[in-house]
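Presented below is the structure to which this report refers.
In full-length UniProt numbering, the protein residues as written are 1 to 176.
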């Protein structure tokens with residue numbers, strides 16, 4: 001089941017079950033309580049992602065441009081969209097690993113350089129390649145909000161699932 005918010009209207013689609021729409025409402029409530037950490041040093045990219053996160057109905061816990069700010073915001077975050085090369089260098093993989101291991105945050109990398117992720121991919125749901133499409137970010141966020149996310153079946157352009165919590169490739173396998 002997938003739901004998307006367009007403007008102020010929440011639209012659901014998927015299969016109906018024995019309890020009708022209540023399962024959809026429960027999912028919508030879960031989505032709307034998710035807090036997303038955006039780890040990105042390019043302000044215009046960060047603002048674009050923030051707009052997408054809010055359009056889906058989720059809250060932005062923080063926008064961080066470096067490791068220090070990202071880790072400070074970790075306790076208030078459920079999902080993180082993490083770039084690799086940040087203001088303090090190529091710290092994205094270390095940030096993603098710390099967010100997942102120490103704080104239980106669901107990590108999705110957003111980068112033009114997926115081969116740089118390496119071993120930290122084991123703790124991530126996957127990677128969205130830059131330049132990205134709004135629909136890719138939306139779909140990945142909605143899937144990550146699920147209780148047991150299954151991003152391996154997320155067939156959308158620009159998303160590569162990893163074998164961490166759910167997915168099919170490790171960073172090393174993706175690198176070739």
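Positions of the beta carbon are idealized from the N, C-alpha and C atoms, including for glycine.
Only a predicted model underlies this, so the values are computations on that prediction, with no experimental measurement involved.
CB contact flag (residue i, residue j, <9 Å)
i: residue 97; j: residue 120; result: yes
i: residue 178; j: residue 108; result: With the chain covering only 1 through 176, there is no way to say anything about residue 178.
i: residue 71; j: residue 41; result: no
i: residue 144; j: residue 125; result: yes
i: residue 190; j: residue 83; result: This structure gives no information on residue 190, because the portion of the chain shown stretches from 1 to 176.
i: residue 95; j: residue 35; result: no
Under the three-state DSSP convention, the category residue i falls into
i: residue 110; result: strand
i: residue 35; result: strand
i: residue 160; result: strand
i: residue 120; result: helix
i: residue 146; result: coil
i: residue 105; result: coil
i: residue 129; result: strand
i: residue 62; result: strand
i: residue 89; result: strand
i: residue 81; result: strand
i: residue 96; result: helix
i: residue 23; result: Its pLDDT being 48, under 50, residue 23 is placed unreliably by the model, and the measurement read from it follows with that caveat. In the structure shown, residue 23 sits in a helix (DSSP, three-state: H, G or I).
i: residue 51; result: helix
i: residue 40; result: coil
Spatially closest choice to residue i from the options, by CA coordinates
i: residue 137; options: 52, 36 and 39; result: 52
i: residue 103; options: 112, 123 and 84; result: 123
i: residue 64; options: 127, 45, 55 and 54; result: 45
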